[in-house]
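Working notes for the structure below.
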Amino acid sequence: MPDELLRPTIGAGVDMSVRPWRLMSQAYVAFFGGVVSTTVIAFLNARRLGVAPDKRRLILLAGAVGLIVAAVVIALVDNSTLSGVRVAIRVVAVVTCLAQLRIQRPMDRAFQLRGQDYRSLWLPGLAAVIGGGIVEALLLAAVAVVL
């Protein structure tokens, strides 16, 4: 009978064959792709890390709040200064990303303790930046037209 104290608990309930992405790499996706892109990547990464479903819903909620804040920025900022709007939207995306990273951090630390390597975010990140960026641009353009 094995000793309970020696049984591994860090990987309990986590698929050990799927490697997550580095948390700070998600900040690049946020900066270049926006709120939608970073929310998709954070949600997928949280699932890879084994984050509880209620915490994954918090990631989606943070993304929704970030998108609403970006829409409010579009509504409040003078649209004649397009560069100022872009900077403000990027700031909102990075702040949203930081909130989502905080939710993922405990399970990421557990992954680090297992001593495995992270998976590359290049291709999924690039796809999220392009796809999510287009979706977010269309949504925010619709908000700008309505206002």
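198 is the number that the working numbering gives to position 124 of the sequence shown; each next residue is one higher, with no gaps. Yeah, the Cβ is synthetic: ideal placement off N, Cα and C, and Gly gets one too.
Going by other Cβ atoms of all chains shown within 10 Å of its Cβ, with 16 needed for buried, is V146 buried or exposed?
Looking at its Cβ environment, which holds fewer than 16 other Cβ atoms inside 10 Å, V146 is exposed.
Per DSSP, what kind of secondary structure is R160 in: helix, strand or coil?
Of the three classes helix, strand and coil, the one that applies to R160 here is helix, per DSSP.
Taking DSSP as the reference, what is the three-state secondary structure of R193?
Three-state DSSP puts R193 in a strand.
Do the stretch 157–172 and the stretch 198–208 meet, that is, are 3 or more Cβ pairs less than 8 angstroms apart?
Taking 8 angstroms as the limit for Cβ pairs, the verdict is that the stretch 198–208 does not touch the stretch 157–172.
Along the alpha helix (DSSP H) that carries D152, what are the first and last residues, could you check?
Element bounds for D152: n/a, residue is neither H nor E.
Nearest to I208 by alpha carbon, out of A116, R96, V109, L97?
Among A116, R96, V109, L97, the Cα nearest to that of I208 is on V109.
Can you tell me which of A138, I133, I115, R96 puts its alpha carbon nearest to the alpha carbon of A104?
Looking at the Cα atoms, I115 is the closest of the given residues.
Take the Cβ of P94 as the centre, count every other Cβ of all protein chains shown within 10 Å, and call the residue buried at 16 or more, exposed below.
Classification of P94: buried, given that the 10 Å Cβ count is 16 or more.
Among L97, Y102, S91, which has the Cα closest to the Cα of I204?
I204 has its Cα closest to that of Y102, out of L97, Y102, S91.
Using the rule of at least 16 other Cβ atoms within 10 Å of the residue's Cβ for burial, across every protein chain shown, is S91 buried or exposed?
Burial call: exposed.
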